[in-house]
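With mature numbering (1 follows the signal peptide of the UniProt record, and there is no 0) applied, the sequence shown corresponds to residues -27 to -1, 1 to 142, in that order.
For glycine and all other residues, C-beta sits at the position ideal for the given N, C-alpha and C.
The structure presented is a predicted model; accordingly, all values stated were derived computationally and were not measured.
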Amino acid sequence: MLPSSSLEMKVLLSLFCISALLSSGAPQECEVCMATGYSCKSEKEKCEMEEDICFIELTETSKGGKNMSIIGKGCYFSENCTSASVLVTFGQGEFLRKSILCCSGEDCREDSLPWPPINMTANGKYCPACYSESEPCPVKTVECTGFENYCLDLAEHKYLAQLASLWQP
């Protein structure tokens, strides 16, 4: 049945607008925490109005035979959030793997993270590598493993003293 008057039309339009505002106006609530290990817990906090989705991020690294993992949870923007996982091996048994899950409600659980398996089986491809605490760095060749198809050029420089001097008031 169609509205018979412009007043009925205005009332229906107003009700529609109010219901649309009420359904989308409630802020997202997410756990906000960070910890070493594979789990962190906190009470849910209200997100900023623009932050409309929760995330869980888990990073695991292995260096010098020692594994370390860090997990973080919080609020984010759905248009910028992509659930994904990545595994990068550096040779010598060293790796970095990271997984991000964009989620809401009951889907925000650590066991829902897309976690790439660590496959250390050589696949016949090779990449140049170098490991050094100082320069020059002698280049070695490492075997790629699992589904790795690309080489990564990554350098980390330690300039803590210079960085500290930049932050002095």
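The three-state reading of DSSP puts E83 in helix, counting H, G and I together.
Runs of the beta strand (DSSP E) spanning 3 or more residues and lying entirely within the segment 45 to 122 occur at 57 to 64, 67 to 76, 95 to 102 and 113 to 118, in chain order. Annotated as proximal: L31 and I44, with beta-carbon spacing under 8 Å. Taking a cut-off of 8 Å on C-beta distances, the segment 111 to 124 touches the segment 91 to 100, as three or more cross pairs fall below it.
By the Cβ rule, the segment 83 to 91 does not count as touching the segment 20 to 27, because fewer than three pairs are nearer than 8 Å. Per DSSP, the continuous beta strand (DSSP E) segment holding M7 begins and ends at C6 to T9. Listed in chain order, the non-local C-beta contacts of N122 below 8 Å within the same chain comprise K98, local neighbours out to five positions each way being set aside. Here L127 is not bridged, per DSSP, to any residue. Assigned with DSSP and collapsed to three states, K39 falls in strand.
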